[in-house]
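Undergrad: Got a structure here, written out as structure tokens. Questions coming.
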Amino acid sequence: MESLIALAADLHWETDANCRFTVLKETANHSADLAETLRPVLGTRLWEQFSSTPSTALPHDVQSIVEQRTTFRALQWAWSSGQKNDFIFEACGEPVFDGQGVFAGYRGLLRDVTAYTQEVRQLRRFRDAVDISGDPIFLIDRATMRIIDFNDTACQTTGYTRTELLAIGPHDLLVSDRETIEHEFDELIASGTAMTTERTAMQRDGSTQLFELQRRAILLDGHWVIVTSARNMTRRMLAEAATARLGQMYAAISGTNEAILHARNPAELYQQVCEVAVGSGQIVNASVLLPDNETQWAKVTAVAGMGADTLRSLKLSFDSSKPEGRGLVGTAFATCSTCVINDLSSDPRVSLWRSEAGKEGALAGAAIPLLRNAQPVGVLLLYSREKGAFDDEIVGLLERMARNIVFTLDNFELEVRRQKAVDALRQSEERYRSILENMNDGYFEVDLKGNYTAVNEALCRQHHCAREEVLKLNYRHFMDAATAAYVYRVYNRIYRTGQSAELTEHTIYRHDGNIGIVQTSIQVVTDDQGKRVGFRGISRDVTARRLAEEAVRASEEKYRSILESIEEAYYEVDLGGGLVLCNDAFCRMFGYSMNEVVGLNYRHYHSPDDTAHVFANFNDVFKTGIPKKGIDWRLLHRNGQEIMCEGSIHLIRDASGEPVGFRGMLRDVTDRRGIETALRESEERFRDLTRVSSDWYWEQDNRYRFIQINGDVFGKTGMVADHYLGKTLWELPFDNVSRDQWIEHQSLLAEGRPFHELVLRLPGKDGAARYLSISGLPVKDSEGRVVGYRGIGKDITERKLADERIRHLASHDILTGLPNRMMFHQVLGYQILQARRYDRKFALMFIDLDHFKTINDGHGHDAGDVVLKETAKRLSDNVRNTDLVARLAGDEFVIIIQDHGSDENLRMIADKLIAAIRAPISLGDMIHTVTASIGVSVYPDHGEDEGALLKQADAAMYLVKHGNKNDVRMA
Numbered sequence: 003m004e005s006l007i008a009l010a011a012d013l014h015w016e017t018d019a020n021c022r023f024t025v026l027k028e029t030a031n032h033s034a035d036l037a038e039t040l041r042p043v044l045g046t047r048l049w050e051q052f053s054s055t056p057s058t059a060l061p062h063d064v065q066s067i068v069e070q071r072t073t074f075r076a077l078q079w080a081w082s083s084g085q086k087n088d089f090i091f092e093a094c095g096e097p098v099f100d101g102q103g104v105f106a107g108y109r110g111l112l113r114d115v116t117a118y119t120q121e122v123r124q125l126r127r128f129r130d131a132v133d134i135s136g137d138p139i140f141l142i143d144r145a146t147m148r149i150i151d152f153n154d155t156a157c158q159t160t161g162y163t164r165t166e167l168l169a170i171g172p173h174d175l176l177v178s179d180r181e182t183i184e185h186e187f188d189e190l191i192a193s194g195t196a197m198t199t200e201r202t203a204m205q206r207d208g209s210t211q212l213f214e215l216q217r218r219a220i221l222l223d224g225h226w227v228i229v230t231s232a233r234n235m236t237r238r239m240l241a242e243a244a245t246a247r248l249g250q251m252y253a254a255i256s257g258t259n260e261a262i263l264h265a266r267n268p269a270e271l272y273q274q275v276c277e278v279a280v281g282s283g284q285i286v287n288a289s290v291l292l293p294d295n296e297t298q299w300a301k302v303t304a305v306a307g308m309g310a311d312t313l314r315s316l317k318l319s320f321d322s323s324k325p326e327g328r329g330l331v332g333t334a335f336a337t338c339s340t341c342v343i344n345d346l347s348s349d350p351r352v353s354l355w356r357s358e359a360g361k362e363g364a365l366a367g368a369a370i371p372l373l374r375n376a377q378p379v380g381v382l383l384l385y386s387r388e389k390g391a392f393d394d395e396i397v398g399l400l401e402r403m404a405r406n407i408v409f410t411l412d413n414f415e416l417e418v419r420r421q422k423a424v425d426a427l428r429q430s431e432e433r434y435r436s437i438l439e440n441m442n443d444g445y446f447e448v449d450l451k452g453n454y455t456a457v458n459e460a461l462c463r464q465h466h467c468a469r470e471e472v473l474k475l476n477y478r479h480f481m482d483a484a485t486a487a488y489v490y491r492v493y494n495r496i497y498r499t500g501q502s503a504e505l506t507e508h509t510i511y512r513h514d515g516n517i518g519i520v521q522t523s524i525q526v527v528t529d530d531q532g533k534r535v536g537f538r539g540i541s542r543d544v545t546a547r548r549l550a551e552e553a554v555r556a557s558e559e560k561y562r563s564i565l566e567s568i569e570e571a572y573y574e575v576d577l578g579g580g581l582v583l584c585n586d587a588f589c590r591m592f593g594y595s596m597n598e599v600v601g602l603n604y605r606h607y608h609s610p611d612d613t614a615h616v617f618a619n620f621n622d623v624f625k626t627g628i629p630k631k632g633i634d635w636r637l638l639h640r641n642g643q644e645i646m647c648e649g650s651i652h653l654i655r656d657a658s659g660e661p662v663g664f665r666g667m668l669r670d671v672t673d674r675r676g677i678e679t680a681l682r683e684s685e686e687r688f689r690d691l692t693r694v695s696s697d698w699y700w701e702q703d704n705r706y707r708f709i710q711i712n713g714d715v716f717g718k719t720g721m722v723a724d725h726y727l728g729k730t731l732w733e734l735p736f737d738n739v740s741r742d743q744w745i746e747h748q749s750l751l752a753e754g755r756p757f758h759e760l761v762l763r764l765p766g767k768d769g770a771a772r773y774l775s776i777s778g779l780p781v782k783d784s785e786g787r788v789v790g791y792r793g794i795g796k797d798i799t800e801r802k803l804a805d806e807r808i809r810h811l812a813s814h815d816i817l818t819g820l821p822n823r824m825m826f827h828q829v830l831g832y833q834i835l836q837a838r839r840y841d842r843k844f845a846l847m848f849i850d851l852d853h854f855k856t857i858n859d860g861h862g863h864d865a866g867d868v869v870l871k872e873t874a875k876r877l878s879d880n881v882r883n884t885d886l887v888a889r890l891a892g893d894e895f896v897i898i899i900q901d902h903g904s905d906e907n908l909r910m911i912a913d914k915l916i917a918a919i920r921a922p923i924s925l926g927d928m929i930h931t932v933t934a935s936i937g938v939s940v941y942p943d944h945g946e947d948e949g950a951l952l953k954q955a956d957a958a959m960y961l962v963k964h965g966n967k968n969d970v971r972m973a
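Printed below as a string of structure tokens:
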């Protein structure tokens, strides 16, 4: 019996009638150490030393069982030795009774299950970890080739229930035969390492997905088990395919941008875009269709890819009323939005062309409208041999491609306009020169010491001094010491930074002793090498304007002081006439304190005779909602005296629009009439000053909306005053201020700071913009709070146009209209940077006219000017718009030739230019022939910087010059 007990337990135990341990004896030799470890338990109650584990009864349940003398089995007890080790025992016990049936204690067995319990817990934790894995995990018995365990994700992924999975093997899930899988398992066992492979698995519903299988073989209880973790790769493969398609489309976009750089006209652009789109690999056919005004059908303007002839033979229309206009092309054109059909074989919209699409293997199509100014001008049509090829991202890229095409079309049109503008500018060169001389603003040039070197007649008038006398003087001659120091600092800053500046208004002392006020803008002047050699500027005489402003300001001060001296009483009453709110002036008017007057009814300070009159006025306002002003009332002072006042009544409504009371103002009639007279006179003077001034006066409320504008606004801006009233500056159609600049201006207003000379551009109906300058100061109440703004505006269009003309003259040759030396060096430097970045070549031609000095000496400089202008025209007419022709000095010209191709092409271009120059020129009654010597250098063959290229081309030209002339030579 003891041997059987030893097999079932490690310890035998007994307790007395109080359930205290009296016996704790080992059942086998190997348990002796355990019995010794548990010796401290002797003499204690069994529930005092042992605690139940969570899988069994709680301690008080054990005590209850013992008190009921109940037999128990398989209870798990936990015991701590007080050291590092804790024990878990499985206990069973039964009550013991003596011969008289009296309870004598308990006896039972203990078995140490610590190791087993810990193993079970570890397995449970492992099982929990496996079940929360996002990937399916399978345990497969190699011997039976059956699935013996798996996690919940496996059921969710395959669609099988747990019972169904336990009845099948891996060959039932994978698209592979059993022998192949067994061979792979054997190799896995033999290698002793983990292996990764990709396999296609079949779901319960028959669908298939690609998985990455990570396998490892483990030996459990003498059996080989294959642990397999499967990661679904289907989404990744689809994502990679989508990424590849996006990459192809990004390549197409990049190619489109390259085509845009090289295309010279719309037809060339369309064809290059189609070829780039097909070359990306995603598109098998690309075309551009435009309306044919003669036939009213869609015309294939450009096409690339397979099926080009088939596409040209199709009848396509942009008219949605025709059956041929309801497909991809017509729908995109009519709706001004992209039309996509990702399955051409089933969509009814393309039934007319389905057979042709099937022959060419097209399975999906997309049509993207080309929109200019929100109007369709054509359609970009694309086909793919892959169903569903045009997803949202691909469509987004295609629409971006279409926008790039339209952007280039706009640039083509802008280039045509620019060329026309250049031609017009060249023709009007002399006219602008006379404008500079005859404009009202003064123009001047000074050297670095401040000595005048050039002035126009207007500047002489400003100084009341003859031109010859001004040119002998320094600008300091017309200023006091403080003003001269200020102007010098501005000149110094412009010299250091190279940036133009505008001086604030300052005084000048005229030659006749009078004082004037001018406003000056200045920019630095550089020579051909970019060295700063002086300054030029525009000076505007604002003396009359300043005098007018001072007069207006004086009137405003007087007007403001009158307003501040008016003491008006403000009141609010409820519908019953009870006073709910008033100001101090109201209290002073009636002789009451604020505490005394609030709550009084209007009858209290009106005589009985006036009460009916007051009530009738309030009742009219209540019924009509129309305010009343200028009502004469007799009011009673606290001391009984009558006060003749003039009042107003306004109806107060709540948020729902219901009347809740009245508000108004009361003022003494006598004082008001005196003040009104003064105000009327002041306002009349102010209006007179506004009418005679070139500027206009404006006021804004606390939300910066215009509430008053005086002056000739329409004559200056083309907009009547009503167009401004009720609007802020940023709500008006000014087009030269960005959103960030408006935000900065609004911040300035919010801080209550003044602003000066805010320049705004207003587009005119005739296409000519007007420029306005706005200045303003904050208007504050008696407590210093900003309640609005007031200021002046003026038309500065003439000054802005003059500035733009001056900037043009700084970069162009006055005689020929060609870019001058400064602009040429800027362009050449930029051309070298671009060529170096994109690994391109370009050519530089150095041209010198032969025997030009003979014409100057023999026929005069006027004849020489004619030759130079005609030569400039012939050079410009015989090169492309992308090439640059410039005049360096005298009879020297240079040309930058882009994308010239071979040296033979350069020779042909040079010969063409020589022939054009050699054509006869009429000089009065005589015909002359001029020849030219040309030297050519090529970047980077003959140099990689400006100096080297110019030196090489100049040297080659001089070899021709000292030879036969009338020829070209490469460096």
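Okay, so the sequence shown: first residue is 3 according to this note's numbering, each after it adds one.
C-beta atoms are modelled at their ideal positions from N, C-alpha and C, and glycine is treated no differently.
1) Since P268 is in the beta strand (DSSP E), which residue starts that stretch and which ends it?
2) Whole angstroms is fine: what's the gap from V694's alpha carbon to N712's?
3) Using the three-state DSSP reduction, which class does N880 fall into: helix, strand or coil?
4) Whole angstroms is fine: what's the gap from F999's alpha carbon to L190's?
5) Taking the DSSP output, what are the residues bridged to V887?
6) Sorted by chain position, which residues of the same chain lie with C-beta nearer than 7 Å to V342's C-beta, five sequence neighbours on each side aside?
7) What span of residues does the alpha helix (DSSP H) with P610 cover, start to end?
8) Which of the three DSSP states, helix, strand or coil, is assigned to H652?
9) Looking at C-alpha atoms only, which residue of V379, P378, G136 and Y385 is the closest neighbour of G360?
10) With a threshold of 16 other CB atoms inside 10 Å of the CB of N440, please say whether the residue is buried or exposed.
11) Less than 7 Å separating the beta-carbons of D137 and S231?
12) Of all the alpha helix (DSSP H) runs that stay within the bounds of the region 111-184, which reach a length of 4 or more residues?
13) For the candidate residues W81, G536, H466 and S541, whose alpha-carbon lies nearest to that of G981?
14) What would DSSP say about L212, mapped onto helix, strand or coil?
15) According to DSSP, is V227 helix, strand or coil?
16) Within 10 angstroms of the Cβ of P172, are there 16 or more other Cβ atoms? Answer buried if so, exposed if not.
17) Helix, strand or coil for S904, going by three-state DSSP, please let me know.
18) Helix, strand or coil for N406 per DSSP?
19) For the candidate residues D207, D879 and V286, whose alpha-carbon lies nearest to that of G363?
20) Using C-beta distances below 8 Å, list every residue in its chain close to I139, excluding the 5 sequence neighbours before and after it, in chain order.
21) DSSP on Q501, reduced to helix/strand/coil?
22) Return yes when the Cβ of L760 is within less than 7 Å of the Cβ of H861, no when it is not.
23) Does the Cβ-Cβ distance between D852 and T933 come in under 7 Å?
24) Put L951 into one of helix, strand or coil per three-state DSSP.
25) Per the contact definition of three or more C-beta pairs closer than 8 Å, is the region 417-427 in contact with the region 368-382?
26) Taking its Cβ as the centre, do 16 or more other Cβ atoms sit within 10 Å of F409, making it buried, or is it exposed?
27) According to DSSP, which residues form a beta bridge with H508?
28) Any idea if V177 is buried or exposed, counting beta-carbon neighbours within 10 angstroms, 16 or more meaning buried?
29) When you compare the CB positions of L44 and F23, do they come within less than 7 Å of one another, or not?
30) Is the distance from the Cβ of S319 to the Cβ of G309 below 7 Å?
31) Give the DSSP-derived three-state secondary structure of V739 in the structure shown.
32) From A192 to R126, what does the alpha carbon distance come to, in whole angstroms?
33) Express the C-alpha separation of R478 and I517 in angstroms, rounding to a whole number.
34) For P61, count neighbouring C-beta atoms within 10 Å of its own C-beta (all shown protein chains included) and say buried if the count is 16 or more, exposed if not.
35) So, helix, strand or coil for H964, using DSSP?
36) Considering K796, what are the terminal residues of the beta strand (DSSP E) in which it resides?
TA: Checking against the coordinates, here is how it stands:
1) As a working mapping, residue 268 is identified with position 266 in the sequence shown. Unbroken run through P268 is the alpha helix (DSSP H), P268 to G281; no beta strand (DSSP E).
2) On the sequence shown, residue 694 is found 692 positions in, with the first residue counted as 1. On the sequence shown, residue 712 is found 710 positions in, with the first residue counted as 1. Note that V694 scores 47 on pLDDT, short of 50, meaning its location in the model is unreliable and no value can be drawn from it.
3) One-based indexing of the sequence shown puts residue 880 at position 878. Coil at N880, not helix or strand.
4) Any question about residue 999 goes unanswered here, given that the chain covers just 3 to 973.
5) Here residue 887 refers to the residue found at position 885 of the sequence shown. The partner list for V887 (beta bridge, DSSP) reads I897.
6) For the purposes of this step, residue 342 is identified with residue 340 of the sequence shown, where counting begins at 1. Excluding positions up to five away in sequence, the list reads A368, F392 and V397.
7) The residue labelled residue 610 in the question sits at position 608 within the sequence shown. Start and end: P610 to T626.
8) Taking the first residue of the sequence shown as 1, we reach residue 652 at position 650. H652 falls in the strand class under three-state DSSP.
9) In the sequence shown, residue 360 corresponds to position 358, counting from 1. Closest option to G360, Cα to Cα, is Y385.
10) Start at 1 with the first residue of the sequence shown, and residue 440 comes out as number 438. N440 is exposed by the Cβ-count criterion.
11) Residue numbering aside, residue 137 sits at position 135 when the sequence shown is read from its first letter. Residue numbering aside, residue 231 sits at position 229 when the sequence shown is read from its first letter. Their beta carbons are under 7 Å apart, which means D137 touches S231 by this criterion.
12) 116-133, 154-160, 164-168 and 172-175
13) There is simply no residue 981 to check, as the chain begins at 3 and stops at 973 in what is shown.
14) Taking the first residue of the sequence shown as position 1, residue 212 is located at position 210. Three-state DSSP puts L212 in a strand.
15) Residue numbering aside, residue 227 sits at position 225 when the sequence shown is read from its first letter. It is a strand residue.
16) Taking the first residue of the sequence shown as position 1, residue 172 is located at position 170. The residue in question, P172, is buried, as its Cβ has 16 or more Cβ neighbours within 10 Å.
17) Position 902 of the sequence shown, counting from 1, holds the residue named residue 904. Here S904 sits in coil by DSSP.
18) In the sequence shown, the residue the question calls residue 406 occupies position 404. Helix, per DSSP.
19) Here residue 363 refers to the residue found at position 361 of the sequence shown. Looking at the Cα atoms, V286 is the closest of the given residues.
20) Along the sequence shown, read from residue 1 onward, the residue named residue 139 stands at position 137. V132, F152, N153, T155, A156, V229, T230, S231 and A232.
21) As a position in the sequence shown, residue 501 is number 499, starting the count at 1. Three-state result, Q501: coil.
22) What you label residue 861 is simply residue 859 of the sequence shown in a count that begins at 1. What you label residue 760 is simply residue 758 of the sequence shown in a count that begins at 1. Their beta carbons are not under 7 Å apart, which means H861 does not touch L760 by this criterion.
23) As a working note, residue 852 is residue 850 in the sequence shown. As a working note, residue 933 is residue 931 in the sequence shown. Going by C-beta atoms, D852 is nearer than 7 Å to T933.
24) As a first step, residue 951 must be located in the sequence shown, where it is residue number 949. It is helical.
25) no
26) Residue 409 sits at position 407 when you count from the first residue of the sequence shown. Exposed, since its Cβ has fewer than 16 Cβ neighbours within 10 Å.
27) Numbered from its first residue, the sequence shown carries residue 508 at position 506. Paired residue(s): V520.
28) Position 175 of the sequence shown, counting from 1, holds the residue named residue 177. Answer is exposed; the Cβ neighbour count stays below 16.
29) Counting from 1 along the sequence shown, the entry for residue 44 is found at position 42. Counting from 1 along the sequence shown, the entry for residue 23 is found at position 21. Yes, the Cβ-Cβ distance between L44 and F23 is below 7 Å.
30) Walking along the sequence shown from the start, residue 319 turns up at place 317. Walking along the sequence shown from the start, residue 309 turns up at place 307. No, the Cβ-Cβ distance between S319 and G309 is not below 7 Å.
31) Here residue 739 corresponds to residue number 737 of the sequence shown, with the count starting at 1. Looking at V739 - three-state DSSP - the assignment turns out to be coil, as it is neither helix nor strand.
32) Walking along the sequence shown from the start, residue 192 turns up at place 190. Walking along the sequence shown from the start, residue 126 turns up at place 124. Cα-Cα distance, rounded: 30 Å.
33) Here the question's residue 517 lines up with position 515 in the sequence shown. Here the question's residue 478 lines up with position 476 in the sequence shown. Cα to Cα, I517 sits roughly 14 Å from R478.
34) In the sequence shown, residue 61 corresponds to position 59, counting from 1. Summary for P61: the model assigns pLDDT 47, below 50, so the residue's position carries little reliability, and this model does not support an answer.
35) One-based indexing of the sequence shown puts residue 964 at position 962. The answer is coil: DSSP assigns H964 none of H, G, I, E or B.
36) The residue labelled residue 796 in the question sits at position 794 within the sequence shown. Unbroken beta strand (DSSP E) run through K796: V788 to D797.
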